[in-house]
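K.L.:
Numbering (the numbering used here), first residue to last: 931 to 1201.
Every residue gets a Cβ at the ideal spot worked out from N, C-alpha and C, and that includes glycine.
Just so we're clear, the structure is a prediction, and the values are computed from it rather than from any experiment.
Sharing a structure, written as structure tokens. Questions coming.
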């Protein structure tokens, strides 16, 4: 734990400066976002929980000559030859303006919109850069949207993040409904780690109010290393009137983070 804590202090992952010296051979990716992280005085988005969902769009510089799957966050002083970095950021006054921009961001011929919910120990920039990396490496069609819930972005912030998941459910529901209204097609939902718990909780509460919404609005669900108790997951799934297909869970028996989560929760294993 001490090693994790020391490594987390080496780079200020909450920093998100806008750079102007993008390499000529760098790739750019546009990522939309929704967040209930509270804005700081300088416009940054840290771990403090906000009272409303904020919407925006960022342009990300993807460094050339990197390994597939690799993401480097340079913090306050990114090197665009090596690190992912922000080139531009747009904030929207309300979800109506955001919805219009998101609709325009849809690639011609693509009817799907990908929504990514990040996991435990992620800053705002961590989540955005991961989505940009996936768009680049997997050639994801259409527009992509990140729901950046208020993670503490610290290895010792597990309890804070778990409480933030409960806090962020309503915001994710609003985001999913807004995203669905912005596309003529369906949503592809991708969640990682504790973000899977958040996504399943949001879908559960939508289904309680509007049974069948998930199947009508979502084409695919992908949960990556989901940090969810098995019994909790079964109760969440029981509320979904009809499950989208495919519904995919990626897991590894060598996942150290989930083994640690099992220890912290007193369960023999996680989903």
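Tell whether a beta-carbon distance below 9 Å holds between residue 971 and residue 1076.
P.N.:
Between residue 971 and residue 1076, the C-beta spacing is not below 9 Å.
K.L.:
Anyone know if the C-beta pair for residue 1209 and residue 1057 falls short of 9 Å?
P.N.:
There is no way to answer for residue 1209, as the model of the chain reaches only from 931 to 1201.
K.L.:
DSSP beta-bridge partners for residue 1122?
P.N.:
1154
K.L.:
Taking the straight line between their C-alpha atoms, what separation do you get for residue 1197 and residue 1160?
P.N.:
9 Å
K.L.:
State the DSSP-derived secondary structure class of residue 976, mapped to helix, strand or coil.
P.N.:
DSSP places residue 976 in the strand class (E or B) of the three-state scheme.
K.L.:
Which one or two residues does DSSP pair with residue 1183 in a beta bridge?
P.N.:
Note: residue 1183 sits in no beta bridge, so no partner.
K.L.:
Excluding sequence positions up to five away, which residues of its chain have a Cβ less than 6 Å from the Cβ of residue 1074?
P.N.:
961, 1044, 1061, 1065
K.L.:
As an exercise, report each continuous beta strand (DSSP E) stretch of at least 3 residues that is fully enclosed by the region 984–1045, in chain order.
P.N.:
1015–1022
K.L.:
Decide if residue 1167 is buried, meaning its Cβ has at least 16 other Cβ atoms within 10 Å, or exposed.
P.N.:
Residue 1167 is exposed by the Cβ-count criterion.
K.L.:
If the criterion is Cβ atoms closer than 9 Å, does the pair residue 1063 and residue 1001 meet it?
P.N.:
yes
K.L.:
How close, in whole Å, do the beta carbons of residue 968 and residue 980 come, if the pair is a contact with beta carbons under 8 Å?
P.N.:
4 Å
K.L.:
Please report how far the alpha carbon of residue 1025 lies from the alpha carbon of residue 1034, in whole angstroms.
P.N.:
14 Å
K.L.:
Using the rule of at least 16 other Cβ atoms within 10 Å of the residue's Cβ for burial, across every protein chain shown, is residue 1139 buried or exposed?
P.N.:
The residue is exposed, with fewer than 16 neighbouring Cβ atoms inside 10 Å.
K.L.:
Can you tell me whether residue 1053 is helix, strand or coil according to DSSP?
P.N.:
If DSSP states are grouped into helix, strand and coil, residue 1053 belongs with coil.
K.L.:
From the DSSP output, in three-state form, read off residue 941 for me.
P.N.:
coil
K.L.:
Keeping to the same chain, check which residues put their C-beta closer than 6 Å to that of residue 1152; ignore five residues upstream and five downstream.
P.N.:
1120, 1178
K.L.:
Using 9 Å as the limit for Cβ to Cβ distance, is residue 1053 near chain C?
P.N.:
This model lacks chain C altogether, as it is built from one protein chain only.
K.L.:
Using 8 Å for Cβ pairs, my map puts residue 947 next to residue 1006. What's the rounded Cβ distance?
P.N.:
Confirmed, about 6 Å.
K.L.:
In angstroms, rounded to a whole number, what distance separates the CA positions of residue 1191 and residue 1098?
P.N.:
Spanning the two alpha carbons is a distance of roughly 20 Å.
K.L.:
Let's test the definition: count the other Cβ atoms within 10 Å of the Cβ of residue 1182 and tell me whether it reaches 16, buried, or not, exposed.
P.N.:
exposed
K.L.:
What are the boundary residues of the alpha helix (DSSP H) that residue 1104 is part of?
P.N.:
1099–1112
K.L.:
For residue 1054 and residue 941, I'd like the C-alpha separation in whole angstroms.
P.N.:
14 Å
K.L.:
Spatial neighbours of residue 1068 within its chain, please: C-beta separation below 8 Å, excluding the five flanking residues on both sides.
P.N.:
Within the same chain, and ignoring the five residues on either side of residue 1068 in sequence, no residue has its Cβ closer than 8 Å to its Cβ.
K.L.:
Using CA atoms only, rank isn't needed, just tell me which of 995, 1129, 1095, 1023 is closest to residue 1012.
P.N.:
995
K.L.:
Run through DSSP, which three-state label would residue 1149 get?
P.N.:
strand
K.L.:
Can you say whether residue 988 is buried or exposed, counting buried as having 16 or more other CB atoms within 10 angstroms of its CB?
P.N.:
buried
K.L.:
What is the residue span of the alpha helix (DSSP H) that residue 959 lies within?
P.N.:
Bounds of any alpha helix (DSSP H) do not take in residue 959; it lies within the beta strand (DSSP E) bounded by 957–969.
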